[in-house]
């Protein structure tokens, strides 16, 4: 079980094959189960059960450990992206936001301009990855099974399996539809991009503040439907900026292409930043070699 959110652990698959957990060592970790009152019942190694006198403290410690391990793996992914001057974007949203349709149009718009690849995350099925592959862009499917989010370990294994690594290009990681847990799990991405559809409530940023705080960009999608729905774009942006004053916002339609020139320009600017950072790193390494 993931002690951060309670979702199932060990059920993730990449292209149908179980994800190995080479980095995970159970030798010195507590095991247990959740009580109905929300406390964690710890089973110490040696087979004897013990109730923690400070269950909430213990729970926080376990959760912190899980996230620390994830962040260490995310740092490795991030360095790999930097080494290849690859812009990695983590696309997050609630189910039904139009995330995959937006991604398909994005890939079609960029495929003749920069190298591209996709890691597709869903609990089950390969429907979305098949839509991605129909664009001609290499894509890899991660099915999380009982899990409700991707983590850095899954993405690290997927990177080893990608048939094509988009050096000096963009890697899109389409996360599981969920506005809660993906906010806490760094994958090594340059930015989280949160997609909010006009068919949802404008108050989503206030209801799910962690995600909108963690994101660098908010795409307000399906704006072609505005004449038919009750959604206040200005209010949605105002709510989002209460949570994250630095959050950039772009209104788009995956159907008509409205706003896509701004969205694509934003991505290419971020890619230029990654390339510049890689150039600075190489220059620093060269200077260090000269000193040796």
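In this note's numbering, the protein residues as written are 86 to 377. Note that beta-carbon positions come from the ideal geometry of N, C-alpha and C, so glycine has one too. Quantities reported herein were computed from a predicted structural model and do not represent experimental measurements.
Given that a residue counts as buried once 16 or more other Cβ atoms are within 10 Å of its Cβ, and exposed if not, what is residue i?
i           : result
residue 197 : exposed
residue 376 : exposed
residue 263 : buried
residue 239 : buried
residue 110 : Because the pLDDT of residue 110 is 41, which lies under 50, any placement of that residue in the model is unreliable, and the number read from its coordinates should be weighed accordingly. It is exposed - the Cβ of residue 110 has fewer than 16 other Cβ atoms within 10 Å.
residue 285 : buried
residue 315 : exposed
residue 103 : exposed
residue 307 : buried
residue 206 : buried
residue 244 : buried
residue 213 : buried
Quick check on this structure: which residue in the options has the alpha carbon closest to the alpha carbon of residue i?
i           : options            : result
residue 331 : 297, 264, 364      : 297
residue 246 : 295, 263, 167, 227 : 227
residue 150 : 269, 373, 318      : 269
residue 169 : 369, 374, 359      : 359
residue 161 : 290, 241, 207      : 241
residue 322 : 267, 207, 351, 302 : 302
Indicate whether residue i and residue j have their beta-carbon atoms separated by less than 9 Å.
i           : j           : result
residue 224 : residue 202 : yes
residue 272 : residue 237 : yes
residue 182 : residue 282 : yes
residue 204 : residue 158 : no
residue 178 : residue 279 : yes
residue 252 : residue 294 : no
residue 172 : residue 356 : yes
residue 187 : residue 366 : no
residue 347 : residue 305 : no
residue 328 : residue 290 : yes
residue 216 : residue 339 : no
residue 257 : residue 310 : no
residue 274 : residue 165 : no
CA-CA distance, residue i and residue j?
i           : j           : result
residue 363 : residue 313 : 46 Å
residue 98  : residue 233 : 13 Å
residue 249 : residue 229 : 22 Å
residue 342 : residue 154 : 40 Å
residue 260 : residue 92  : 15 Å
residue 185 : residue 374 : 45 Å
residue 86  : residue 209 : At residue 86 the pLDDT is 48, less than 50, meaning the model places this residue with poor confidence; the figure from the coordinates comes in the next sentence. Going by the C-alpha atoms only, they are around 18 Å apart.
residue 319 : residue 326 : 11 Å
residue 292 : residue 101 : 35 Å
residue 220 : residue 352 : 19 Å
residue 354 : residue 105 : 36 Å
Contact check, residue i vs residue j under 8 Å by CB: the rounded distance?
i           : j           : result
residue 174 : residue 287 : Actually they are not in contact, since the Cβ atoms of residue 174 and residue 287 sit about 24 Å apart, beyond 8 Å.
residue 337 : residue 345 : 6 Å
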